[in-house]
Amino acid sequence: MAAILGGTEVGAATYIVTIEGMEFRPSTLVLHRGDRVVWVNQDLVPHTATASDGKGFDSGHIAPGASWEHVVQGQGSLPYVCTLHPTMQAVLEVRKR
Numbered sequence: 001m002a003a004i005l006g007g008t009e010v011g012a013a014t015y016i017v018t019i020e021g022m023e024f025r026p027s028t029l030v031l032h033r034g035d036r037v038v039w040v041n042q043d044l045v046p047h048t049a050t051a052s053d054g055k056g057f058d059s060g061h062i063a064p065g066a067s068w069e070h071v072v073q074g075q076g077s078l079p080y081v082c083t084l085h086p087t088m089q090a091v092l093e094v095r096k097r
């Protein structure tokens with residue numbers, strides 16, 4: 001489940017995606033443009049959070065116990081994958097504020 005922590009921009013929120021058990025949790029996250037997503041790797045191995053289109057975001061390797069964050073600027077369905085483990089897939093559903 002995603003946690004809302006608050007945001008730095010007016011009306012923006014921060015959501016947590018947990019990486020654990022070779023999965024992104026939640027696998028689908030509905031949020032708004034300008035919101036922040038923090039991926040937290042609670043798994044035993046490194047992972048990435050990389051936009052499937054190759055043009056969006058790319059976390060690089062997120063080590064076990066580390067995190068990476070990104071402020072969402074796009075809109076619509078933004079699928080992403082772990083490039084180290086391509087069966088790990090998830091999607092950000094970004095709505096206009």
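The sequence shown maps to residues 1 to 97 in full-length UniProt numbering. Cβ atoms here follow ideal geometry from the backbone N, Cα and C, with glycine treated the same way.
Is any heavy atom in the ligand SAH found nearer than 7 Å to the beta carbon of residue i?
i   : result
V81 : The ligand content of the structure shown is nil, which means the ligand SAH is not present either.
Please list, in chain order, all residues of the same chain as residue i whose beta carbon is under 7 Å from its beta carbon, the five residues on each side excluded.
i   : result
Q73 : R33
Q89 : P79, V81
How is residue i classed by DSSP in three states: helix, strand or coil?
i   : result
D53 : coil
S59 : coil
T14 : strand
What residues match up with residue i in a beta bridge as DSSP calls it?
i   : result
A90 : Y80
L31 : V94
Could you work out which residue in the options is closest to residue i when comparing CA atoms only?
i   : options       : result
I62 : Q75, H85, L78 : H85
Apart from the five residues just before and just after residue i, which ones in its own chain have a Cβ nearer than 6 Å to its Cβ?
i   : result
A66 : N41
T28 : V91
Against chain D, with Cβ distances strictly below 8 Å, would residue i count as a contact?
i   : result
W39 : Judged by its chain identifiers, the structure shown contains no chain D, having just a single protein chain.
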